[in-house]
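Asks: Converting from the sequence shown to my numbering requires adding 1 to each position, the first position being numbered 1.
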Amino acid sequence: MSEEASRRLMDLAAVDLARLRHVGPKRLEALEKLGLDNVLDLVNFYPRRYLFRGARVDLSDLRVGEEAAVFATVLSSSARRTRQGRALVELEVSDGDETIRISFFNQSWRQRQLPKGSRAIFYGTLSEYRARRQMVNPTVDVVQGELEEGSRQRTSGTLAIYPATARVGLSSWEIGGLVDEALRRAGPLEDPLDVEWREQWGLLDRTAAYWEIHQPSDPERAIAARRRLVFDEFLRLQLLVALRRRRLRHGESGVAHPVADLDLDASTPSTQLGLLGRFLRAHPFTLTDAQRRVLEEIAHDMAAPVPMHRLVQGDVGSGKTLVATAALVMALAGGRQGALMAPTEVLAEQLYAALRRDLALVELEDPAVLGSWRPARVALLSARVKAKERHAILAGLARGEIDVVVGTHALLHEEVRFARLGLVVIDEQHRFGVEQRATLRDKGRRASAEGRDPDLLVMTATPIPRTAALAVFGDLDRSTIDHLPPGRQPVTTTWIREPTDEAQVWARVRAEVEAGRRAYVICPLVEESERAEATSAVAERTRLATGELAGLSVGLLHGQMSSHDKEEALSQFRSGEIGVLVATVVVEVGVDVPEASIIVIEDAWRFGLAQLHQLRGRVGRGRDRSECYVLGPAPSADARERLEALERVSDGFALAEVDLSLRGEGTLMGARQRGRSDLRLGNLVRDVEVLELAQRAAERIAERGLFAEGEWAGEIRTLIEPDEAEFLFRS
Ligand code: ADP
Ligand code: MG
2 MSEEASRRLM DLAAVDLARL RHVGPKRLEA LEKLGLDNVL DLVNFYPRRY
52 LFRGARVDLS DLRVGEEAAV FATVLSSSAR RTRQGRALVE LEVSDGDETI
102 RISFFNQSWR QRQLPKGSRA IFYGTLSEYR ARRQMVNPTV DVVQGELEEG
152 SRQRTSGTLA IYPATARVGL SSWEIGGLVD EALRRAGPLE DPLDVEWREQ
202 WGLLDRTAAY WEIHQPSDPE RAIAARRRLV FDEFLRLQLL VALRRRRLRH
252 GESGVAHPVA DLDLDASTPS TQLGLLGRFL RAHPFTLTDA QRRVLEEIAH
302 DMAAPVPMHR LVQGDVGSGK TLVATAALVM ALAGGRQGAL MAPTEVLAEQ
352 LYAALRRDLA LVELEDPAVL GSWRPARVAL LSARVKAKER HAILAGLARG
402 EIDVVVGTHA LLHEEVRFAR LGLVVIDEQH RFGVEQRATL RDKGRRASAE
452 GRDPDLLVMT ATPIPRTAAL AVFGDLDRST IDHLPPGRQP VTTTWIREPT
502 DEAQVWARVR AEVEAGRRAY VICPLVEESE RAEATSAVAE RTRLATGELA
552 GLSVGLLHGQ MSSHDKEEAL SQFRSGEIGV LVATVVVEVG VDVPEASIIV
602 IEDAWRFGLA QLHQLRGRVG RGRDRSECYV LGPAPSADAR ERLEALERVS
652 DGFALAEVDL SLRGEGTLMG ARQRGRSDLR LGNLVRDVEV LELAQRAAER
702 IAERGLFAEG EWAGEIRTLI EPDEAEFLFR S
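#1: Classify Q273 as buried or exposed, calling it buried when 16 or more other Cβ atoms lie within 10 Å of its own Cβ.
#2: Applying the 10 Å Cβ sphere with the 16-neighbour rule, what's the burial state of Q108?
#3: With a Cβ-Cβ cutoff of 8 angstroms, do G315 and A462 count as a contact?
#4: Identify every run of the beta strand (DSSP E) within the stretch 78-146, keeping only runs that are complete inside it and at least 3 residues long; order them along the chain.
#5: Going by DSSP, what residues sit across from S173 in a beta bridge?
#6: With DSSP collapsed to three states, give me the class of S598.
#7: Using a Cβ-Cβ cutoff of less than 6 angstroms, which residues in the same chain neighbour V324 once the five nearest sequence positions on both sides are dropped?
#8: Mapping the DSSP letters down to three states, classify A584 as helix, strand or coil.
#9: At the 8 angstroms Cβ level, is S651 part of the contact set with chain C, yes or no?
#10: Would you list the one or two residues that DSSP bridges to N39?
#11: What would DSSP say about A209, mapped onto helix, strand or coil?
#12: Any idea if A1 is buried or exposed, counting beta-carbon neighbours within 10 angstroms, 16 or more meaning buried?
#13: On the three-state DSSP scale, how would you describe I224?
#14: In chain order, which continuous runs of the alpha helix (DSSP H) of length 4 or greater are located wholly inside the stretch 318-355?
#15: Determine the burial state of R358: buried for a count of at least 16 other Cβ atoms within 10 Å of its Cβ, exposed for fewer.
#16: Could you tell me the boundaries of the alpha helix (DSSP H) in which R22 lies?
#17: Please name the residue in V592, S79, R22 and D367 whose C-alpha comes closest to that of Q112.
#18: Is it true that the CB of H258 sits closer than 8 angstroms to the CB of G517?
#19: Terminal residues of the continuous alpha helix (DSSP H) containing I299?
#20: May I ask you to check if the CB of A428 is nearer than 7 angstroms to at least one heavy atom of the ligand MG?
#21: Is E603 helix, strand or coil by DSSP?
#22: Express the C-alpha separation of V581 and V546 in angstroms, rounding to a whole number.
#23: Indicate the three-state DSSP secondary structure (helix, strand or coil) for L204 in the structure shown.
#24: For P139, count neighbouring Cβ atoms within 10 angstroms of its own Cβ and tell me buried if that reaches 16, exposed if not.
#25: Across which residues does DSSP place E366 in a beta bridge pair?
#26: If you pair each beta-carbon of the stretch 39-46 with each one of the stretch 177-187, do three or more pairs fall below 8 angstroms?
#27: Excluding sequence positions up to five away, which residues of its chain have a Cβ less than 6 angstroms from the Cβ of R120?
#28: Below 6 angstroms CB to CB, which residues in the same chain sit around I600 once its five sequence neighbours on both sides are set aside?
#29: Take A304 and list the residues in its own chain whose beta-carbon comes closer than 8 angstroms to its own, dropping the five residues that flank it on each side.
#30: Go through its chain and collect everything with a Cβ distance to V659's Cβ below 6 angstroms, but skip five positions before and after it.
#31: Does the stretch 219-236 touch the stretch 194-210, meaning 3 or more C-beta pairs lie closer than 8 angstroms?
#32: Can you tell me whether DSSP reads R453 as helix, strand or coil?
#33: Could you check if G653 is buried or exposed, using at least 16 other CB atoms within 10 Å of its CB as the buried criterion?
#34: Whole angstroms are fine: how far does the CA of L263 sit from the CA of E175?
#35: Give the straight-line distance between the Cα atoms of L13 and T326, rounded to the nearest whole angstrom.
#36: Pull up the DSSP beta-bridge partners for T74, would you.
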């Protein structure tokens, strides 16, 4: 590529990672595990933090209670078990002047990762234990090669630390090298912003921003680079949202579902009720006022020929599933299909079971045979489904023989087609981005013979502040389920600070299980390694089953288990065959076992507040009084405030405010988003200033007439891919 011609950023998406000089099959596989498929993904894979040569801390300067990164060599290591039976790996490390101890709990694999002589950067808080200076469970980045020689990366004296690298067996060091090569070979990148705008808003140019985010020479430049890239993310999002709104306003491109009988008059005979009416009457629950109000809003949208685009917010346990099910019934009543997308397989399985159970309450009129009725057909598309069955499901959907399909993001797959998709429901929306939403809608449009947009309903328990809502959900109307079903008792939350007090917690677990209820034990979240998380859950289960909880039936659930084993564990827990479920955060969202009345969260400081609230939401779903115990010390002031807030506040929305004020940022978007228009760097709370700039830029772009039908020149072209633009523009 020549120096003069600048390259479109999006063109990098077409360059395979295998084209990079140092990428062979093994590295390719590791990169894939990080979700990186091409060079664009790679340059958009940003460092989590940096180690600046100037700012690198000497151990001798570090005071107890301070958080820092130290670059040190392992002098020795040993492994043993604590008196409570936890695996403990202890290292002696030195930075040349001083030696400290590093302790890892429940991470026995650290001994293999960090043999004597290896060098790594340890991030953590310096503490003191029995007069020894130490770090407990720090974040680790193994360093290979020399820090100070060679390429620009090495000479800049800055080490960029990339996330999740240990999990896939790549060091930050290696990733930095690949990024360096990718950026060098890409050369100058086209910039969608005029110099004028950049100067006015103090933004770096795009090429510089990419170099500086990966290889900043000092912290200020990293901040400047981030600001520019955040701007790009927001601008892209704003344009997408603006384009969508425009297209939606185009008129009657949606499905007008025949919607009736929401106000059920008790005296109406069942025979005169429509499908929804019969469903609601047959269902064992009476809708709460909040559920009814939200369902009315949905019904109103669904009846109209304009495509529905609605976000339903409701705290954990507020009963979003029933609302979604009723909406699906409305779609079925008009002879349409429905799709329900869940963020995890565990949740998809559960929703599938619930839908099968609930939809069995009503029968559909069979258009093929006038006056005859048939049960609704519900299918599950998950990793667990075998090829043959999968083919049958795909064919059934395409022919319109399956009424409702439930699945994970597998539903987004190219080969999934529908005959007459009328409604898409996305559960726990914060896990899915704007882009996935657009894909599903587009799928519906392509799928249905009439080329109509399916209605879209997204559900989330995550409270979303206004700024965020405008940016990411600007294309959605909102409804809120603002109270819980009757009979709920607040969950009592207790933080157990001292290990010596844990015995009483296990006694409570035993009592609850012996009384026929169920208990969750959530195992520590170990940064960087899913496998390590699984290991810690496995070890903890053994420890509990042979120790404190001996005699109870203790099961296991973690992400590394096969789908089949996961489902089995959960159904045994549901039926009570298993009384205690030792689990990782796979149960974090949505899992609904009303008999569970106690949850114990170990090493709770490792979890964010929103996550803790989600976990706590696994109990208190029935009529039983429920308890939540969070265990472990708080190694920082921030962690202490989080755990205290959890003890004090039970309402999710109130807690979200606390979270925002504590952290200055939300966990709004979750960490696992993938699509290209998702926010990777941008933070909707912290970066409001940049968000506003991006909004202004989007307006100016619109004023220039670049939104004209079928045309995407200049700015937009470098921000949105042509195929993406194509479906945005199609009417
Ligand atoms: P979430 O909003 O967290 O997704 P769910 O839909 O899983 O909540 O509902 C939580 C629990 O409340 C479930 O056990 C569900 O069966 C129950 N539930 C839902 N609606 C009602 C209602 N109207 N009356 C009583 N219980 C309800
Ligand atoms: Mg739910």
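Here a beta-carbon is modelled for each residue, glycine too, at the ideal position from N, C-alpha and C. Given the structure is predicted, the values throughout are model-derived calculations rather than measurements.
Replies: According to the data block:
#1: exposed
#2: buried
#3: yes
#4: 88-95, 100-106, 120-130, 133-137 and 140-144
#5: None; S173 has no bridge partner.
#6: strand
#7: Q292, V295 and L296
#8: strand
#9: Note that chain C does not occur in the displayed structure, where there is just one protein chain.
#10: D17
#11: helix
#12: Limits of the chain in this structure are 2 at one end and 732 at the other, which puts residue 1 out of reach.
#13: helix
#14: 321-334
#15: exposed
#16: Taken as a continuous stretch (DSSP letters only), R22 belongs to no alpha helix (DSSP H), as it is neither H nor E.
#17: S79
#18: no
#19: D290 to A304
#20: Here residue 428 is Asp; the residue named in the question, Ala, does not match the sequence. Checking every heavy atom of the ligand MG against the Cβ of D428, one is found closer than 7 angstroms.
#21: coil
#22: In the sequence under discussion, the amino acid at residue 546 is Ala, which differs from the Val named in the question. Approximately 9 angstroms, taken between the alpha carbons.
#23: coil
#24: buried
#25: W374
#26: yes
#27: T74 and V144
#28: Y521, R619, V620 and C629
#29: A257, H258, P259 and V260
#30: A646
#31: yes
#32: coil
#33: buried
#34: 60 angstroms
#35: 42 angstroms
#36: S95 and R120
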